[in-house]
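Enquirer:
Chains as they are written, first to last, in the numbering used here: chain A, 1 to 111; chain B, 1001 to 1486.
1. Name the chain B residues whose beta carbon is nearer than 8 Å to that of residue 90/A?
2. Taking DSSP's pairing of strands, which residues face residue 1044/B in a bridge?
3. If you check the beta carbons only, do residue 1360/B and residue 1377/B fall under 8 Å apart?
4. Helix, strand or coil, according to DSSP, for residue 1145/B in the structure here?
5. Going by beta carbon distance, what residues of the same chain come within less than 6 Å of residue 1437/B, once the five residues before and after it are set aside?
6. Applying the criterion that 16 or more other CB atoms from any shown protein chain within 10 Å of the CB defines a buried residue, is residue 1150/B buried or exposed?
7. Is there a Cβ from chain A that is less than 8 Å from the Cβ of residue 1304/B?
8. Spatial neighbours of residue 1306/B within its chain, please: C-beta separation below 7 Å, excluding the five flanking residues on both sides.
9. Could you check whether the region 1398–1410 of chain B touches the region 1305–1322 of chain B, counting it as contact only if at least three pairs of C-beta atoms, one from each stretch, sit closer than 8 Å?
10. If we require 3 or more residues per run, which beta strand (DSSP E) segments fall completely within the region 1176–1244 of chain B?
11. So, is the C-beta of residue 1404/B closer than 8 Å to a C-beta in chain A?
12. For residue 1440/B, report the span of its alpha helix (DSSP H) as first-last.
13. So, with DSSP's three-state summary, where would you put residue 1318/B?
14. Is residue 100/A close to chain B? Criterion is C-beta to C-beta, closer than 8 Å.
15. Throw me the rounded Cβ distance for the residue 1374/B and residue 1404/B pair, which I believe falls under 8 Å.
16. Would you mind reading off the limits of the beta strand (DSSP E) that contains residue 1052/B?
17. Can you tell me the Cα-Cα spacing of residue 1447/B and residue 35/A, whole angstroms?
18. Quick one: any contact between the region 1126–1135 of chain B and the region 1076–1095 of chain B, if contact means 3 or more CB pairs under 8 Å?
19. Nearest to residue 1187/B by CA position, among 1260/B, 1201/B and 1144/B, is which residue?
20. What residue from 1462/B, 1472/B, 1478/B and 1126/B has the CA that sits closest to residue 1028/B's CA?
21. Residue range of the alpha helix (DSSP H) that residue 29/A falls in?
22. What are the residues that DSSP puts in a beta bridge with residue 1279/B?
23. Report the three-state DSSP secondary structure of residue 21/A (helix, strand or coil).
24. If you drop the 5 nearest sequence neighbours on each side, which residues of the same chain put their C-beta closer than 8 Å to that of residue 117/A?
25. Using 8 Å as the Cβ pair cut-off and three pairs as the minimum, do the region 30–45 of chain A and the region 71–80 of chain A touch?
26. Tell me the rounded alpha-carbon separation between residue 1030/B and residue 1424/B.
27. Anything in the region 1119–1148 of chain B with a Cβ closer than 9 Å to a Cβ of chain A? List those residues in chain order, please.
28. With 8 Å set as the bound, which would you pick, yes or no: does the beta-carbon of residue 47/A sit closer than that to a beta-carbon of chain B?
29. Can you tell me whether residue 1429/B is buried or exposed, with buried defined as 16 or more other CB within 10 angstroms of its CB?
30. Use the C-beta contact count for residue 49/A: other C-beta atoms within 10 angstroms, 16 or more gives buried, fewer gives exposed.
31. With a 10 Å radius around its C-beta and 16 neighbouring C-beta atoms as the bar for buried, classify residue 1021/B as buried or exposed.
32. Could you work out which residues of chain B lie near residue 41/A, taking near to mean beta carbons separated by less than 8 Å?
33. Determine the DSSP secondary structure at residue 1001/B, reduced to helix, strand or coil.
34. Going by alpha carbons, who is nearest to residue 1353/B out of 1156/B, 1224/B and 1170/B?
35. Name the residues in the region 10–37 of chain A whose C-beta lies less than 9 Å from a C-beta of chain B; which are they?
36. Under 8 Å between C-beta atoms, does residue 1159/B make it to chain A?
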């Protein structure tokens, strides 16, 4: 992601292009969900590796608020991308730990 | 025959990498310079962004202090970790154990009648003379039968209203009948009366002493504030409550009465005076509660103004005051913080029903309403008073225990609100310290799961836990007091 791919605030929206070689689509979506109270993300169809994303703001939002939301989004996206890699690596271990945790319970007999 | 290998991953997939291997973890920003990293059993560490990246990218030096700390708290394991996975599994099982115990708290709404006219009343009280809003003995008998179907070894019966002492005859009958039935069932029973104490008399006190019954009352703060928020004919609500507290302490025992405060826009501005009142009245605990979005509180528009931000400021100021009281030598515990601290530091977490995943509705608490309806929680019946019956499980004498406890009204919200599979919650570092609140989100967003980016509950939890962690980490004096509450 570089500055050239972030559009200007037009009073309602900011358009950006996200490189899917740097960020997973799942991370893009989750980061968007987290900032839903500040703006709505509209995801377009990917063009090669580029994903067009439109940040839409409530009427009356000023430019600095909008730009701050986009900055916060990309900060969150970095974290989300890191989370995705952690989850990917540890998912089998989490399943194993949970299986081990409940292997000796008597939930069925209790019912 | 299918070879067994097709169904199992290779053991090498679970073995530590040559350097080290990550264990499941979640992280998020605590403040501008620190991240909080947690695991499924509530262990936590604070790291800088660089340290977090180094951990995830396996660049941590194995001889560093940070590496040893992360290994000791189960965030990574290596070839020297003999039993990291077994230990984590054991800790996870301990924290989840209460789910298997099933419903412990059973609330009996003995009447909707009340002699107070509190502005924030969450249960839509009725006039004192309206006896058609009293629970009948047939329903009480069926409720007891229902309660003993729970496999929990500990059963708490809480009597609520309205004002439950206005139907003391039935209260007495339920206690005696429960004890009678318990000769067969052999559970540990506990009785609690949630009362404003205005109708406390010698009969009630003698009965409470005989059966070791606890009282939970409302004390909103100093006299002016209490009487303004909890009006009663003759404006003597405060006097009667204080007199009741003293009589219970003398007749039943000092530990048999506790008090709760309910915040309003007015009280949010005077948390110090409220805390001082609790100290003056000899209490050693106070619960800085937030206002639920139910009942008269909504009709009187008390929830909108009392926003989450305002409540968080109230909580933070209150916590500081409570710490100061402790520094001065008077032990005083804040209950909401204590619940969070138990989740942070106790191997078993906390059994507080409103902060569980799966949610505590039905499987942690049940409500038998005055009219025989069964609700999945106290808040669920408050919601019903607002004509939303989403969490009404059925009716005593009509629907069976099995039908109600396996009803869609219970199982659907339980399944759909598990934090571990909820958007935003599933990767939130505060998950081990939080809980699902389907009734709150149904009330505020018409959806049991709710969108957490718009959730006052989520904002409150995040704000309070962040503040508590900051105090724990940055203030050794505060840490000493806070840890003493667990």
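From the three backbone atoms N, C-alpha and C, an ideal C-beta is built for every residue, glycine too. Keep in mind it's a predicted model, so treat the numbers as computed, not measured.
Expert: On the basis of the coordinates in this document:
1. 1022, 1023, 1024 and 1025
2. 1038/B
3. yes
4. helix
5. 1457
6. buried
7. Confidence at residue 1304/B is low in this model, with a pLDDT of 48, below 50, so the placement of that residue is unreliable and no value is reported for it.
8. Per-residue confidence for residue 1306/B stands at a pLDDT of 48, beneath the threshold of 50, marking its modelled position as unreliable; no derived number is given.
9. no
10. 1188–1194 and 1214–1218
11. no
12. 1438–1445
13. helix
14. yes
15. 6 Å
16. Unbroken run through residue 1052/B is the alpha helix (DSSP H), 1049–1056; no beta strand (DSSP E).
17. 19 Å
18. no
19. 1144/B
20. 1462/B
21. 25–34
22. DSSP lists no partner for residue 1279/B.
23. coil
24. With chain A covering 1 to 111 only, the question about residue 117/A has no answer from this structure.
25. yes
26. 16 Å
27. none
28. no
29. buried
30. exposed
31. buried
32. Chain B residues near residue 41/A: none, gap ~12 Å exceeds 8 Å.
33. The predicted position of residue 1001/B is uncertain, since its pLDDT is 47 and thus under 50; no value can be drawn from it.
34. 1156/B
35. 30, 33, 34, 35, 36 and 37
36. no
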